[in-house]
Amino acid sequence: MTTYLEAITSTLAEAMRDDPRVLVIGEDVAEGGPWGATAGLAEEFGAERVRNTPISEAAIAGIAVGAAQSGLRPVIEIMFVDFVTLALDQLVNQAAKAHFMSGGQLTVPLVLRTQGGAGQRGAAQHSQSLEAWLTHVPGLKVAMPSTAADVAGLLASAIADPNPVVVVENKTLYFRREELPAKREPVPLGRARVAKAGRDVTVVALSRLVPEALAAAEELAADGIDVEVIDPRTLVPLDLDTILASVARTHRLVVAHEAVTHGGFGAEIAAQVQAAAFDELDAPVARVGAPFAPVPFSPPLEDAYLPGRAEVAAAVRSVL
Amino acid sequence: MPTEEELGLLRAMWRIRVFEERVGALTRTNEVHGLVHLSVGQEGVAVGVCGALRDDDAVYGNHRAHGHAIAKGAPLASVMAELMGREGGLCRGMGGSMHLVDVAHGFLGATGVVGGNVPLALGSALALSLQGGDQVAVVFFGDGAVQSGIFVESVNLATLWKLPVILVCENNGFAEFTPRSAHTNVERVSDVVSPYGIERETVDGNDVVAVRTTFERFLAKARAGGGPFLLECLTHRLRGHYEGDPQHYRQALADEEWQQLDPILRLQRRLGVEGEKLEAEARAEVDAAERAARESPFPPPSLTAELVYAR
Numbered sequence: 001m002t003t004y005l006e007a008i009t010s011t012l013a014e015a016m017r018d019d020p021r022v023l024v025i026g027e028d029v030a031e032g033g034p035w036g037a038t039a040g041l042a043e044e045f046g047a048e049r050v051r052n053t054p055i056s057e058a059a060i061a062g063i064a065v066g067a068a069q070s071g072l073r074p075v076i077e078i079m080f081v082d083f084v085t086l087a088l089d090q091l092v093n094q095a096a097k098a099h100f101m102s103g104g105q106l107t108v109p110l111v112l113r114t115q116g117g118a119g120q121r122g123a124a125q126h127s128q129s130l131e132a133w134l135t136h137v138p139g140l141k142v143a144m145p146s147t148a149a150d151v152a153g154l155l156a157s158a159i160a161d162p163n164p165v166v167v168v169e170n171k172t173l174y175f176r177r178e179e180l181p182a183k184r185e186p187v188p189l190g191r192a193r194v195a196k197a198g199r200d201v202t203v204v205a206l207s208r209l210v211p212e213a214l215a216a217a218e219e220l221a222a223d224g225i226d227v228e229v230i231d232p233r234t235l236v237p238l239d240l241d242t243i244l245a246s247v248a249r250t251h252r253l254v255v256a257h258e259a260v261t262h263g264g265f266g267a268e269i270a271a272q273v274q275a276a277a278f279d280e281l282d283a284p285v286a287r288v289g290a291p292f293a294p295v296p297f298s299p300p301l302e303d304a305y306l307p308g309r310a311e312v313a314a315a316v317r318s319v320l
Numbered sequence: 001m002p003t004e005e006e007l008g009l010l011r012a013m014w015r016i017r018v019f020e021e022r023v024g025a026l027t028r029t030n031e032v033h034g035l036v037h038l039s040v041g042q043e044g045v046a047v048g049v050c051g052a053l054r055d056d057d058a059v060y061g062n063h064r065a066h067g068h069a070i071a072k073g074a075p076l077a078s079v080m081a082e083l084m085g086r087e088g089g090l091c092r093g094m095g096g097s098m099h100l101v102d103v104a105h106g107f108l109g110a111t112g113v114v115g116g117n118v119p120l121a122l123g124s125a126l127a128l129s130l131q132g133g134d135q136v137a138v139v140f141f142g143d144g145a146v147q148s149g150i151f152v153e154s155v156n157l158a159t160l161w162k163l164p165v166i167l168v169c170e171n172n173g174f175a176e177f178t179p180r181s182a183h184t185n186v187e188r189v190s191d192v193v194s195p196y197g198i199e200r201e202t203v204d205g206n207d208v209v210a211v212r213t214t215f216e217r218f219l220a221k222a223r224a225g226g227g228p229f230l231l232e233c234l235t236h237r238l239r240g241h242y243e244g245d246p247q248h249y250r251q252a253l254a255d256e257e258w259q260q261l262d263p264i265l266r267l268q269r270r271l272g273v274e275g276e277k278l279e280a281e282a283r284a285e286v287d288a289a290e291r292a293a294r295e296s297p298f299p300p301p302s303l304t305a306e307l308v309y310a311r
């Protein structure tokens, strides 16, 4: 049994063993970070390749861009996705555009690991789901794994990719345990996974909402509703074909994420599906997400705010 | 008799001067496009620094970087074609004036966001030092960048990690349209960084020989594993912030006095040479560059989609 977190650590270690160009940079990474994602790396690879930084998110990102342009493969950690705001100039204006604006001369093979999501009473500055912003920037790739196998496979692919890739992990998934195959395979960026096959409704869920959707599917099965759950795994590039193939069978679609529904990535999926397969849909696409408000601190309010199994189940029933 | 090296400095400055005056003219006829920032009057810094470097060093420029790119070896025709948005440009017409890149000559790029290029040079310095060579990274920025948060983050990390990077500040006394005194109480950039213990020096940036001499001293130490360094070059731009800028803020300045400080005229006076021949040579080269750039086609529309991701 392996946790999501252990899968991250072992994938980083494996990448660093395989390729001397890979290095890890971030706040407290040599000490393992707040959850231990980088635990043990400094001991194995030394302080030169596992570099602690001051609390300087913009410089961390900028240094990674320069290091990538000069031949390294930096993996940087931004401790909370909420703090990506501080690194956005480097990410959006430098990393995402260097290849394009240089006419293809430069490449920026960097990976930005970060984690988002609520549920731990972190309040509104440590609980957000900001992935939609990142998907709006051409030049970035965005992965959002929901399982240990996928975080391992996607992180390996991200490190090997010649482009800047943001891997958005989820803090509530870190300690889930699952069986991992002995021989791990990289998961290609841009390939969705059918987490559960079903005939009646397609649910496309992101990150923490994948296990929530699977729980909802189990609950609905008792009522004879057969739900298909798809995890796109990467938002950019998006594997629309797998979603369309599913919708062509079920004719009903629910998109579910923890981010605020308004302007969320679910809107993009809904728009792309209706444009490509309007005639296949027997009901309007339903969206599950958080209300248009910051994440509240008070425990009962946070619980009420967060979308989960119940909201997915209700949305599935609404499209039938 | 001036030495060949001194004449080389003069020639290099004339190339940039004539090139940029031409760019200014072509901006007014709408043949050079976009937001164009000229460095006329600041050539001594670009030439003093870049001419001492190798192609395997990593140099970053800011939004006012034509001189940096040219001094680092970028062909005039490719720079001009880039400014005109042509396929034959350094960046195939995808970058333009503020985003020149010439990897073959170690110019890893100009950046349009003030201050945003400084950490990139740190990253290159880190990569170059981990790869075990004696290459260095250099970044040019204006005094305006020093008030950005990223500058402080970068100076802190460069000194903490002892990176082989040379920070070159072109202190021209203006941040866009307002004088430095309106932005900060700290007059000298070298004072801003003093608590970090970075080795630094402030030189007359309009004296190309002084720039070269001091830069070479830092460069030798950086190649031997030292760093970081800050070279503050006091200079002045003889044109506005951008082409078309009405320069009202400049009226109060004694331009006559600054014209006397022009790095090109100064070196000519010191060497006792007339500039006509060098200027004419540069003009012929710029003429040829302009012709070549005009002959280059615009890039195909398919290039936009092609370059979003590296393959």
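First to last, the sequence lines map onto chains A and B. Position one of the first sequence corresponds to residue 1 (this note's numbering), numbered consecutively onward. Position one of the second sequence corresponds to residue 1 (this note's numbering), numbered consecutively onward. Note that beta-carbon positions come from the ideal geometry of N, C-alpha and C, so glycine has one too.
Checklist entry - Leaving out five residues before and five after A276 of chain A in sequence, what residues of the same chain have Cβ atoms less than 8 Å from its Cβ? => result L240, L244
Item to check | Chain-ordered residues of the stretch 106-131 of chain A with a beta carbon less than 7 Å from chain B | outcome: L106, T107
Next on the checklist: Does chain A have any CB closer than 8 Å to the CB of Y196 of chain B?
Outcome noted: no
Item to check | Assumed close pair V103 of chain B, V49 of chain B - CB separation to whole angstroms, cut-off 8 Å | outcome: Between V49 of chain B and V103 of chain B the Cβ distance is about 18 Å, and since that is not below 8 Å, they are no contact.
Checklist entry - Should K183 of chain A be labelled buried (16 or more other beta-carbon atoms within 10 Å of its own) or exposed? => result exposed
Checklist entry - Using a Cβ-Cβ cut-off of 7 Å (strictly less than) and excluding sequence neighbours within five positions of H105 of chain B, which residues of its own chain qualify? => result D55, K72, G73, A74
Next on the checklist: Can you tell me which residues form a DSSP beta bridge with D55 of chain B?
Outcome noted: Note: D55 of chain B sits in no beta bridge, so no partner.
Checklist entry - Run through DSSP, which three-state label would N170 of chain A get? => result strand
Checklist entry - According to DSSP, is A252 of chain B helix, strand or coil? => result For A252 of chain B, the predicted model reports a pLDDT of 40, less than 50, meaning its position is unreliable and no value from the coordinates is stated.
Checklist entry - Going along the stretch 151-166 of chain B in order, which residues come within less than 8 Å of chain A, judged by CB to CB distance? => result Those residues of the stretch 151-166 of chain B that come within reach of chain A (Cβ to Cβ, closer than 8 Å) are E153, S154, N156, L157, L160, W161.
Checklist entry - How far does the alpha helix (DSSP H) with V49 of chain B in it reach, from first residue to last? => result 43-50
Next on the checklist: Can you check whether the C-beta of G46 of chain A is within less than 8 Å of a C-beta belonging to chain B?
Outcome noted: no
Checklist entry - What three-state label does DSSP hand D303 of chain A in the structure shown? => result helix
Checklist entry - Thinking just about the alpha-carbon of each residue, which of A:A132, A:N52, A:A13, A:A148 is nearest to the one in V84 of chain A? => result A:A132
Checklist entry - Does the Cβ of S302 of chain B lie closer than 7 Å to at least one heavy atom of the ligand ATP? => result You won't find the ligand ATP in this model; it holds no ligand whatsoever.
Checklist entry - Residue range of the alpha helix (DSSP H) that G153 of chain A falls in? => result 148-160
Item to check | Own chain partners of E279 of chain B with C-beta closer than 7 Å, once the 5 adjacent residues on each side are dropped | outcome: W14, V18
Next on the checklist: Any beta carbon from chain B within less than 8 Å of P188 of chain A's own beta carbon?
Outcome noted: no
Checklist entry - Which residue from A:R73, A:E77, A:L306 puts its Cα closest to that of A124 of chain A? => result Per the Cα distances, A:L306.
Item to check | Rounded C-alpha distance that separates A268 of chain B from V208 of chain B | outcome: Reading the sequence as shown, one finds Gln at residue 268 of chain B and not Ala. Each residue's alpha carbon lies about 11 Å from the other.
Checklist entry - Within 10 angstroms of its Cβ, does R294 of chain B collect 16 or more other Cβ (buried), or is it exposed? => result exposed
Item to check | Through-space distance from H183 of chain B to R250 of chain B, alpha-carbon basis | outcome: The pLDDT assigned to R250 of chain B is 44, lower than 50, so where the model puts this residue is not dependable, and the model offers no usable value.
Checklist entry - Quick one: Cα of G32 of chain A to Cα of L23 of chain A, how far? => result 14 Å
Checklist entry - Secondary structure at I63 of chain A, three-state DSSP: helix, strand or coil? => result helix
Next on the checklist: Helix, strand or coil for G266 of chain A? Go by DSSP, reduced to three states.
Outcome noted: G266 of chain A: helix per DSSP, three-state reduction.
Checklist entry - In chain order, which continuous runs of the alpha helix (DSSP H) of length 4 or greater are located wholly inside the stretch 105-186 of chain B? => result Restricted to the stretch 105-186 of chain B, the alpha helix (DSSP H) segments that are unbroken, complete and at least 4 residues in length are 118-130, 149-160, listed in chain order.
Next on the checklist: Quick check on N117 of chain B: buried or exposed, where buried means 16 or more other Cβ atoms within 10 Å of its Cβ?
Outcome noted: buried
Item to check | Neighbour-count burial assignment, K277 of chain B, 16 or more Cβ in a 10 Å radius | outcome: Exposed: under 16 other Cβ atoms inside 10 Å.
Checklist entry - Any idea what DSSP makes of P319 of chain B, helix, strand or coil? => result Lying before the first or after the last residue shown, residue 319 of chain B is absent from chain B, which here runs from 1 to 311.
Item to check | Closest residue to N206 of chain B among B:T29, B:R270, B:G95, B:L83 (Cα-Cα distance) | outcome: B:R270
Item to check | Residues, ordered as in the chain, of the stretch 126-137 of chain B that lie near chain A by beta-carbon distance below 8 Å | outcome: L126, A127, L128, L130, Q131, A137
Item to check | Boundaries of the beta strand (DSSP E) in which T77 of chain A is found, first to last residue | outcome: Looking at the sequence itself, residue 77 of chain A is Glu, so the reference to Thr does not match. Residues 73-78.
Next on the checklist: On a Cα-Cα basis, can you pick out the residue from B:D191, B:V36, B:S39 that is closest to L230 of chain B?
Outcome noted: B:D191
Next on the checklist: What does the Cβ neighbour count give for V292 of chain A, buried or exposed, with the cut at 16 atoms within 10 Å?
Outcome noted: Looking at the sequence itself, residue 292 of chain A is Phe, so the reference to Val does not match. So F292 of chain A ends up on the exposed side.
Checklist entry - Applying the criterion that 16 or more other CB atoms from any shown protein chain within 10 Å of the CB defines a buried residue, is A252 of chain B buried or exposed? => result Residue confidence for A252 of chain B is low, a pLDDT of 40 falling below 50, so the modelled location carries little weight; the figure read from the coordinates is stated next. When all chains shown are included, A252 of chain B counts as exposed.
Checklist entry - Among residues of its own chain, excluding the 5 on either side of E6 of chain A, which ones have a beta-carbon nearer than 8 Å to its beta-carbon? => result A148
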